[in-house]
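Trainee: Here the protein sequences line up with chains B and D, keeping their order. Quick note: to get this note's numbering, add 9 to the position in the first sequence (first position is 1). Quick note: to get this note's numbering, add 9 to the position in the second sequence (first position is 1).
2 protein chains.
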Amino acid sequence: MTEVILHQPLDMHLHLRDGEMLRTVAPLSAHSFSGALIMPNLVPPVTDGQMLRDYRQQILEAIGDETFEPYMTLFFKPEYDFDFLAPLAEELTAVKLYPAGITTNSEGGVSGFDVEELRPALSAMSELGIPLCIHGETGGFVMDREKEFVPIYEELAVAFPDLMIVMEHITTAESVEALDRHPNLYATITLHHLLITLDDVAGGMLRPHLFCKPIAKRPEDREALLRVALEAHPKVMFGSDSAPHPRHAKEAPGCAAGVFTAPVALPALAELFARHGKLENLQRFVGTNAQENYELDPPKKKVRLVDTPMKVPEKYGDVVPLFAGEEIGWSIASVE
Amino acid sequence: MTEVILHQPLDMHLHLRDGEMLRTVAPLSAHSFSGALIMPNLVPPVTDGQMLRDYRQQILEAIGDETFEPYMTLFFKPEYDFDFLAPLAEELTAVKLYPAGITTNSEGGVSGFDVEELRPALSAMSELGIPLCIHGETGGFVMDREKEFVPIYEELAVAFPDLMIVMEHITTAESVEALDRHPNLYATITLHHLLITLDDVAGGMLRPHLFCKPIAKRPEDREALLRVALEAHPKVMFGSDSAPHPRHAKEAPGCAAGVFTAPVALPALAELFARHGKLENLQRFVGTNAQENYELDPPKKKVRLVDTPMKVPEKYGDVVPLFAGEEIGWSIASVE
Chain B
10 MTEVILHQPL DMHLHLRDGE MLRTVAPLSA HSFSGALIMP NLVPPVTDGQ MLRDYRQQIL
70 EAIGDETFEP YMTLFFKPEY DFDFLAPLAE ELTAVKLYPA GITTNSEGGV SGFDVEELRP
130 ALSAMSELGI PLCIHGETGG FVMDREKEFV PIYEELAVAF PDLMIVMEHI TTAESVEALD
190 RHPNLYATIT LHHLLITLDD VAGGMLRPHL FCKPIAKRPE DREALLRVAL EAHPKVMFGS
250 DSAPHPRHAK EAPGCAAGVF TAPVALPALA ELFARHGKLE NLQRFVGTNA QENYELDPPK
310 KKVRLVDTPM KVPEKYGDVV PLFAGEEIGW SIASVE
Chain D
10 MTEVILHQPL DMHLHLRDGE MLRTVAPLSA HSFSGALIMP NLVPPVTDGQ MLRDYRQQIL
70 EAIGDETFEP YMTLFFKPEY DFDFLAPLAE ELTAVKLYPA GITTNSEGGV SGFDVEELRP
130 ALSAMSELGI PLCIHGETGG FVMDREKEFV PIYEELAVAF PDLMIVMEHI TTAESVEALD
190 RHPNLYATIT LHHLLITLDD VAGGMLRPHL FCKPIAKRPE DREALLRVAL EAHPKVMFGS
250 DSAPHPRHAK EAPGCAAGVF TAPVALPALA ELFARHGKLE NLQRFVGTNA QENYELDPPK
310 KKVRLVDTPM KVPEKYGDVV PLFAGEEIGW SIASVE
């Protein structure tokens, strides 16, 4: 039997939603992760201290007695300034920037990326040491959106050299290449973008449960992502982007974007890293890199993963997970 | 009011299925078209004279007293030879070749495209004047499959210079470019590939009713298709590839490929050609080119289309059409 023990695994990009969905999915992440960076794109989005505290409280109630730290984020607004952000700096781990209308509940996001317009907010974040997480897609053709956004990432990285900028859920070789060109550019990578390409979404039957934003790209893009994930590039962190939607919103004439991976993420990552002979790097990809980059001190948790297969449930509540009904080669043996 | 009158409109690529689905959809095509090239990918596929005659009879029963000629096809098998095909030559209009497993009900298709292996069948077709229609996709990455198939089209066109080869439902600029390089290469283009790109399928919500094979490609591909359709390039013919699936097979974890356009095709084409100021070319795109290329003499039918809007039904039977519940700017005023 092969095993790997992960200390304080972290998911640096997680959608927990609110209400009943929160109560369904939060315990699943809280069971196997020490903490997660919680996305703020609720309806309405989390845009001030009170909302952030309320949401954090809801999350803590939903996870019950699991040991789990929700690292909170605000939904970026250009009007944020030093006076607004300074009192919140201790309570938030990052600010998440969405281009307007680019994904689920992102209607209130940024239109255009004028550096001078963004300067007050981003200078304040830079000064306060608050990282900026970006969903980096333009409004262009679906296969080009992220590639077209890379120059914007680079412009921001140069304009705000002391600001930690995280390219969220990167899906292209171009984003991977940008990583090493700027000391302050970081990235998260999802599980599903390490596993699938557009072929899996739309090459055979169309598979709505694999539909997400950014959409899965070409085989050579996945290879580039795999390379930096498997080597646990120090600026690359696991972020599941686990994004639950009820089944009726996925198997529909207009299918919502998001893959629900939280409950299978660690076993599937262990299987992937083991298959490539890179198990020794999993700890860094799924925890240590994030701890160091974000300077986090997550609650103690020790997750033992073994190469004993697990059967993935068809549904969690009304949400269909990645690998629903299938077997994964690895499973969680214990969590301490 | 603007109008256009079409004489003997033809749909040179149509899926009518069988059984109850046939009875639902066949009258919709038969109402507005003079004839259609009927695809043979039933389960089991149409592979001999008896099956072809039985299927033709089923179609005629399904359309009732509409004036409509089903132009029949056989499902290509490499073992077809002159002796097999010669007695059928009068009853069939074309033979349809599917690469194995490439689309709905294509499991028994061709694996590999060895010219020598295909020579007996294709030489016989060439001698008998039977056109070869091909679903031209490789097993490669979904956005590259048709582009990768173009060299195979070209190899066949060169190897069998007297064989009429129709590149079915082309979706790429590369296929358009191949058209003029070989005198015996022709093409059909669907309505939906003139209207949508991958952005419409997967750029916003995922839209299963727009999912088809070949998948819709890039904006520059659609532009190339539009150019030759709107000018009614003499080797380009309308073929709807209208492919009905029951709703539960589309809004599902594994969504079947196919867009159901038959009942809206002529009004939507009229609207498209009118918008581009090319109404005068619609007759050739949707009838005359096919008559000349295939040497057909379709039953008389005169379809008058006017720029009076029509509301598209949400469903025909259990099949969701293109533009379900939406309005099209044009409609059929009369059919004589």
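We put the beta carbon where it would ideally sit given N, CA and C, even for glycine.
Within the 8 Å Cβ cut-off, does Cys366/B reach chain D?
Mentor: Because chain B in this structure spans residues 10 to 345, residue 366/B falls outside the shown range and cannot be described.
Trainee: Any residues in the segment 193-216 of chain B with a beta carbon nearer than 9 Å to a beta carbon of chain D? Which ones, in chain order?
Mentor: Listed by position along the chain: Thr206, Leu207, Asp208, Val210, Ala211, Gly212, Gly213, Met214, Leu215 and Arg216.
Trainee: What residues in the segment 229-248 of chain D bring their beta carbon closer than 7 Å to a beta carbon of chain A?
Mentor: Given the protein chain composition of this structure (B and D), no chain A is represented.
Trainee: For the segment 144-159 of chain B, list every residue whose C-beta sits within 8 Å of some C-beta in chain D, in sequence order.
Mentor: Per Cβ criterion, the list reads Phe150, Val151 and Met152.
Trainee: Spatial neighbours of Phe169/B within its chain, please: C-beta separation below 6 Å, excluding the five flanking residues on both sides.
Mentor: Counting only Cβ-Cβ distances below 6 Å, and skipping sequence neighbours, we find Leu131 and Ser135.
Trainee: Is it buried or exposed for Ser120/D, if we count other Cβ within 10 angstroms and need 16 for buried?
Mentor: When all chains shown are included, Ser120/D counts as exposed.
Trainee: Assuming the contact rule is C-beta atoms closer than 8 Å, Thr181/B and His22/B should be a hit. Round their C-beta distance to whole Å, please.
Mentor: In fact, because the Cβ distance is near 16 Å, the residues do not count as touching under 8 Å.
Trainee: When the Cα atoms are used, what is the spatial distance from Asp306/D to Asn298/D?
Mentor: Cα to Cα, Asp306/D sits roughly 12 Å from Asn298/D.
Trainee: Of the residues that make up the segment 258-288 of chain B, which ones have a beta carbon closer than 9 Å to any beta carbon in chain D?
Mentor: Listed by position, the residues of the segment 258-288 of chain B near chain D (Cβ gap below 9 Å) are Lys259, Glu260, Ala261, Pro262, Gly263, Cys264, Ala265 and Ala266.
Trainee: Contact between the segment 13-21 of chain D and the segment 312-323 of chain D is defined here as three or more beta-carbon pairs at a separation below 8 Å; is this criterion met?
Mentor: The segment 13-21 of chain D is in contact with the segment 312-323 of chain D.
Trainee: Does the Cβ of Lys320/D have 16 or more other Cβ atoms within 10 Å, making it buried, or fewer, making it exposed?
Mentor: Classification of Lys320/D: exposed, given that the 10 Å Cβ count is below 16.
Trainee: Between the segment 196-212 of chain B and the segment 233-246 of chain B, do three or more beta carbon pairs fall short of 8 Å?
Mentor: Touching, yes, given that three or more Cβ pairs across the two stretches are closer than 8 Å.
Trainee: Tell me whether the beta-carbon of Val151/B lies closer than 8 Å to the beta-carbon of Ile224/B.
Mentor: The answer is yes: Cβ separation under 8 Å.
Trainee: Name, in chain order, the residues that DSSP records as bridge partners for Pro313/B.
Mentor: For the sequence presented, residue 313/B should be read as Arg rather than Pro. Answer is Ile14/B and Ser343/B, bridged to Arg313/B.
Trainee: Please tell me whether Tyr64/D and Met81/D are closer than 8 Å, where the distance is taken between their beta carbons.
Mentor: For Tyr64/D and Met81/D, yes; Cβs fall inside 8 Å.
Trainee: Could you tell me which residues DSSP puts in a beta bridge with Leu83/B?
Mentor: Per DSSP, Val104/B.
Trainee: At a CB distance below 9 Å, what residues from the segment 326-341 of chain B approach chain D? Give them in sequence order.
Mentor: The residues in question are Val329 and Ala333.
Trainee: Pick out whichever of Thr33/D, Asp74/D, Phe77/D and Pro96/D has its Cα sitting closest to the Cα of Leu61/D.
Mentor: Measuring from the Cα of Leu61/D, the nearest candidate turns out to be Pro96/D.
Trainee: Starting from the beta carbon of Arg227/B, find every residue of chain D whose beta carbon is closer than 7 Å, and list them in chain order.
Mentor: The answer, in chain order, is Phe150.
Trainee: How big is the Cα-Cα spacing for Asp250/B and Asp20/B?
Mentor: Distance between the alpha carbons of Asp250/B and Asp20/B is about 8 Å.
Trainee: Closest Cβ-Cβ distance between His254/B and chain D: below 8 Å?
Mentor: Not one chain D Cβ lies under 8 Å of His254/B.
Trainee: Assign Val433/B to one of two classes, buried (16 or more other C-beta atoms within 10 Å of its C-beta) or exposed (fewer than that).
Mentor: Residue 433/B cannot be examined here, being either before or after the span of chain B that is shown, 10 to 345.
Trainee: For Met1/D, report the span of its beta strand (DSSP E) as first-last.
Mentor: Examination of residue 1/D is not possible in this model, given that chain D is present from 10 through 345 alone.
Trainee: Could you please give me the residues that DSSP links to Gly263/D through a beta bridge?
Mentor: None; Gly263/D has no bridge partner.
Trainee: For chain B, check one thing: does any of its Cβ atoms lie closer than 8 Å to the Cβ of His218/D?
Mentor: For His218/D, the answer is yes, since a Cβ of chain B falls inside 8 Å of its Cβ.
Trainee: Taking Cβ positions only, does Ile161/D come closer than 8 Å to chain B?
Mentor: For Ile161/D, the answer is no, since every Cβ of chain B falls outside 8 Å of its Cβ.
Trainee: In the DSSP assignment, find the unbroken alpha helix (DSSP H) run with His6/D in it and report its ends.
Mentor: Residue 6/D lies beyond the range of chain D shown here (10 to 345); nothing can be said about it.
Trainee: Counting contacts by CB-CB distance shorter than 8 Å, is Ile174/B in contact with chain D?
Mentor: Not closer than 8 Å to any Cβ of chain D, the Cβ of Ile174/B fails to qualify, so no.
Trainee: His257/D: buried (16+ other C-beta within 10 angstroms of its C-beta) or exposed?
Mentor: Exposed: under 16 other Cβ atoms inside 10 Å.
Trainee: Using the C-alpha atoms, what's the distance from Ala252/B back to Thr113/B?
Mentor: Roughly 9 Å between the two C-alpha positions.
Trainee: Of the choices Pro322/D, Ile341/D and Glu75/D, whose alpha-carbon is the least far from that of Ala35/D?
Mentor: That would be Glu75/D, whose Cα lies nearest to the Cα of Ala35/D.
Trainee: Do Phe294/B and Ala211/B have their C-beta atoms within less than 8 Å of each other?
Mentor: In this structure, Ala211/B does not lie closer than 8 Å to Phe294/B by Cβ.
Trainee: How big is the Cα-Cα spacing for Phe85/B and Pro276/D?
Mentor: Whole-angstrom Cα-Cα distance: 46 Å.
Trainee: Are there three or more Cβ pairs, one per stretch, closer than 8 Å when the segment 38-58 of chain B is compared with the segment 278-287 of chain B?
Mentor: Output reads no: the segment 278-287 of chain B does not touch the segment 38-58 of chain B.
Trainee: Hey, quick one: how far does the beta strand (DSSP E) through Leu46/B stretch, first residue to last?
Mentor: Where Leu46/B is concerned, the enclosing beta strand (DSSP E) stretches over Gly44 to Ile47.
Trainee: CA-CA distance, Asp316/B and Gly326/D?
Mentor: In a straight line, the C-alpha of Asp316/B is about 49 Å away from that of Gly326/D.
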